[in-house]
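Below: the structure, in structure tokens.
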Amino acid sequence: MYLECVCGNVMDDIAAPNSVEHLLLSYAAMERLQDLVDQEVSTNGEVSLWPEHWEEAGAIVVWKCPNCARLHLNAKSQKEDVVVYRIEKKGNE
Amino acid sequence: MRQQSLRPRVMREVARATGARGFSTLELTLAMPLVVFAMLLLIGLGHALISKQHAVVGGQFAAHYQRVRESAPNAATIGQAVSGGAETFKLSGGGGETLSFTASATPRKGLIAQIYRLKATASQYQTPNVTNACVPRCRIPIFCVPLCKPQLGKILSPEMITGVIVNGIRGSLSPENILSTVAGMGNKKRRQKPEGAVAVVPPKKRSGNGSSEDGSPQPAAGGAGGGNQPPGKPPARTGGVSDDGKPGGGNSNGKPDDGKNRSNPTPGVAKRPIDKLDDWEKSGKIRGAQKDLDQLKERLNSPDSNTRRAAEAEVEELEAEIAAGRTPEVRGARKGPDQSDYEVKARTEPFTSRKNAQNFLNDRIKVANDQFKGQNGRGRVVINLGENTKIGDSTITREMARDMVKEALSKGNRGTNITKVVVKDGKGNIIYEGLGE
Numbered sequence: 716m717y718l719e720c721v722c723g724n725v726m727d728d729i730a731a732p733n734s735v736e737h738l739l740l741s742y743a744a745m746e747r748l749q750d751l752v753d754q755e756v757s758t759n760g761e762v763s764l765w766p767e768h769w770e771e772a773g774a775i776v777v778w779k780c781p782n783c784a785r786l787h788l789n790a791k792s793q794k795e796d797v798v799v800y801r802i803e804k805k806g807n808e
Numbered sequence: 185m186r187q188q189s190l191r192p193r194v195m196r197e198v199a200r201a202t203g204a205r206g207f208s209t210l211e212l213t214l215a216m217p218l219v220v221f222a223m224l225l226l227i228g229l230g231h232a233l234i235s236k237q238h239a240v241v242g243g244q245f246a247a248h249y250q251r252v253r254e255s256a257p258n259a260a261t262i263g264q265a266v267s268g269g270a271e272t273f274k275l276s277g278g279g280g281e282t283l284s285f286t287a288s289a290t291p292r293k294g295l296i297a298q299i300y301r302l303k304a305t306a307s308q309y310q311t312p313n314v315t316n317a318c319v320p321r322c323r324i325p326i327f328c329v330p331l332c333k334p335q336l337g338k339i340l341s342p343e344m345i346t347g348v349i350v351n352g353i354r355g356s357l358s359p360e361n362i363l364s365t366v367a368g369m370g371n372k373k374r375r376q377k378p379e380g381a382v383a384v385v386p387p388k389k390r391s392g393n394g395s396s397e398d399g400s401p402q403p404a405a406g407g408a409g410g411g412n413q414p415p416g417k418p419p420a421r422t423g424g425v426s427d428d429g430k431p432g433g434g435n436s437n438g439k440p441d442d443g444k445n446r447s448n449p450t451p452g453v454a455k456r457p458i459d460k461l462d463d464w465e466k467s468g469k470i471r472g473a474q475k476d477l478d479q480l481k482e483r484l485n486s487p488d489s490n491t492r493r494a495a496e497a498e499v500e501e502l503e504a505e506i507a508a509g510r511t512p513e514v515r516g517a518r519k520g521p522d523q524s525d526y527e528v529k530a531r532t533e534p535f536t537s538r539k540n541a542q543n544f545l546n547d548r549i550k551v552a553n554d555q556f557k558g559q560n561g562r563g564r565v566v567i568n569l570g571e572n573t574k575i576g577d578s579t580i581t582r583e584m585a586r587d588m589v590k591e592a593l594s595k596g597n598r599g600t601n602i603t604k605v606v607v608k609d610g611k612g613n614i615i616y617e618g619l620g621e
């Protein structure tokens, strides 16, 4: 799948591992993830549902443009659901 | 009767006076380290000059190659052509109106080169990007008639023939290229050495304010992330921002295809993916909007290795489609899978363990499945492992791939819209295809 950034750069998820695809977790999502993993380990002895656990925990798929560093939240959702953030400033002064 | 010495009387007297019989031998012995040092220094300087000259020729070669063929050669080809692989070449540069290439040669043959880490010698060559060969020849200044007629005598000069043969023997040119070089010379109406083509002194490292190490002013350096650009020619767009938010990396968007980031082919054997794409485009073997084709070319030329790897995997699949008699479409940045009936996924790093490989397959198959589901479609997912066909020391066999595909499809409804999974290596050989049955 491809996603064209505002800067004109075309991102894709063809090659992996890559530095475009990220997952964003809130603290609540992280706890859900821990519970899901613990539960599967206690049942099966290992974790084999990795993509599913991320989804179930509520991780947000974020694509970072390697050209301009804009973040595209919900990158794999419908076009109207994609939210784009760009760097506003650096440093906290 | 006393025997007469053949040596002059004065010499005999001097020798006796100084007691210096064997003096010259002693002197020579004492001076031997100095002589050896001088010889080694001269040999070293000679080699440095040879490397320097090779770098100049490499830069010149690259600039004219780019001017004529409109794509830069790769560094390995230059290394083969210039020094028969005795030096490792690095090439950077490109440009629009003025082509500027910097070639650096690092000797790699010989005892010293193997023991010590020798520095590379860099040379830069600039030439106007002119392809018009009609050189006005004015006997009378008023009547300047462009002389475009190829002169066979000049074209097939002994130097040219020798160059072609030598380069051909060294392996930098395939027989087809030699023939096309000779046959095509007469058709190309261009000046081989336009005015203004000069070898220039390589730039020293610059500080941020545009001054050289010795304090003399220098042209402004390229923009952020444009480190590979020729000196004094800022890139058309600023470079990228790395993971930590700092400028760097860069991207080729909006830049001309200078070929500097293209992958290196085997000289004279394999075509580069971007060249294949050009050929297919010209011969109508692929479909797609021009914008999408240009984007694919840009990605093939991207400085980001993951982007490049993805684009190469895409081209490999296009090649398979063409070989199967189809006319695939380059879809570009449109929503959905790469093609209506298949989705390509490529591996960029070696697998660390079987579990690592399994997780990769699980994830990529699920992602492809979601993409088909989003379009209400079905299709196959092609997993291109590239060179990462091993887990540790063991090669991924058909059985291993089958078991991993089976495992991946057995959970999480990952394969609802997948018709089959094709696991390939980087050469296009199918390791496994099926649904794990």
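Chains as they are written, first to last, in our numbering: chain A, 716 to 808; chain B, 185 to 621. No residue lacks a Cβ here, since even glycine has one placed at the ideal position from N, Cα and C.
Measure the Cβ-Cβ separation of residue i and residue j and say whether it is below 8 Å.
i	j	result
B:Leu-480	B:Ala-495	yes
B:Asn-540	B:Arg-598	no
B:Gly-596	A:Pro-766	yes
B:Lys-460	B:Glu-503	yes
B:Pro-534	B:Gln-523	no
B:Phe-245	B:Ile-262	yes
B:Ala-232	B:Lys-274	no
B:Tyr-309	B:Ala-247	yes
B:Val-589	B:Gly-610	no
B:Gln-250	B:Ala-256	yes
B:Glu-166	B:Asn-568	Residue 166 of chain B is absent from the model: chain B starts at 185 and stops at 621.
B:Ile-615	B:Ile-580	yes
B:Gly-228	B:Phe-285	no
B:Val-566	B:Val-514	no
A:Cys-720	A:Asn-782	yes
A:Val-797	A:Asn-789	yes
Which residue wins for smallest C-alpha separation from residue i, given the options the options?
i	options	result
B:Asn-601	B:Arg-582, B:Asn-568, B:Asn-485 and B:Gly-563	B:Gly-563
A:Arg-801	A:Glu-808, A:Asn-789 and A:Lys-779	A:Lys-779
B:Ser-594	B:Arg-582, B:Lys-550, B:Ala-530 and B:Lys-475	B:Lys-550
B:Lys-604	B:Ile-575, B:Phe-556 and B:Ala-246	B:Phe-556
A:Lys-791	A:Glu-808, A:Glu-770, A:Asn-807 and A:Lys-805	A:Glu-770
A:Gly-768	A:Ala-730, A:Gln-793 and A:Val-752	Inspection of the sequence shows that residue 768 of chain A is occupied by His rather than by Gly. Ranking the options by Cα distance to A:His-768, first place goes to A:Val-752.
B:Ser-307	B:Ala-246, B:Gly-294, B:Ala-287 and B:Asn-613	B:Ala-287
B:Arg-531	B:Asp-547, B:Gln-264, B:Phe-285 and B:Asp-587	B:Asp-547
A:Ser-734	A:Arg-785, A:Gln-749 and A:Ser-757	A:Arg-785
B:Ala-485	B:Asn-258, B:Lys-590 and B:Gly-263	In the sequence on display, residue 485 of chain B carries Asn and not Ala. Among B:Asn-258, B:Lys-590 and B:Gly-263, the Cα nearest to that of B:Asn-485 is on B:Asn-258.
B:Arg-492	A:Gln-793, A:Val-721, A:Asn-807 and A:Asp-728	A:Asp-728
B:Asp-587	B:Pro-312, B:Asn-613, B:Asn-543 and B:Ser-267	B:Asn-543
B:Ala-239	B:Ile-567, B:Ile-458, B:Gly-294 and B:Gly-268	B:Gly-268
B:Gly-620	B:Lys-608, B:Leu-295 and B:Met-584	B:Met-584
B:Ala-497	B:Lys-466, B:Arg-456 and B:Gly-472	B:Arg-456
B:Thr-311	B:Ile-470, B:Gly-278 and B:Asn-490	B:Gly-278
B:Thr-272	B:Lys-236, B:Gly-468 and B:Arg-253	B:Lys-236
B:Ala-260	B:Gly-509, B:Ala-270 and B:Ile-470	B:Ala-270
B:Arg-483	B:Asp-463, B:Ile-458 and B:Ile-470	B:Ile-458
B:Asn-313	B:Ser-276, B:Thr-282 and B:Gln-559	B:Thr-282
B:Asp-525	B:Arg-538, B:Thr-536, B:Ser-537 and B:Arg-510	B:Arg-510
B:Val-266	B:Thr-536, B:Asp-577 and B:Pro-291	B:Pro-291
B:Ser-578	B:Val-252, B:Thr-536, B:Leu-218 and B:Gly-570	B:Thr-536
B:Ile-296	B:Leu-225, B:Val-241 and B:Val-252	B:Leu-225
Tell me, which residues are paired with residue i by DSSP?
i	result
B:Glu-271	B:Pro-291
A:Tyr-800	A:Leu-786
A:His-833	No answer is possible for residue 833 of chain A: it lies beyond the span of chain A, which begins at 716 and ends at 808.
B:Phe-535	B:Ile-575
B:Tyr-526	B:Arg-564
B:Ile-602	B:Gly-563
A:Ala-731	B:Arg-531
A:Glu-719	A:Val-725
B:Ile-614	B:Lys-608
B:Arg-471	B:Glu-513
B:Lys-278	Residue identity check: residue 278 of chain B is Gly in the sequence provided, not Lys. Beta-bridge pairing links B:Gly-278 to B:Ser-284.
B:Thr-305	B:Ala-289
Between the segment 737-747 of chain A and the segment 762-776 of chain A, are three or more C-beta pairs nearer than 8 Å? Cβ pair count under 8 Å is three or more, so yes.
Taking a Cβ distance cut-off of 7 Å, strictly less, list which residues of the segment 462-477 of chain B are near chain A, in chain order. Listed by position along the chain: nothing, the set is empty.
Using a Cβ-Cβ cutoff of 7 Å, what residues of the segment 588-609 of chain B are near chain A? List them in chain order. Here the close residues are Lys-595 and Gly-596.
Residues of the segment 747-764 of chain A with a CB closer than 7 Å to any CB of chain B: list them in chain order, please. Here the close residues are Ser-763 and Leu-764.
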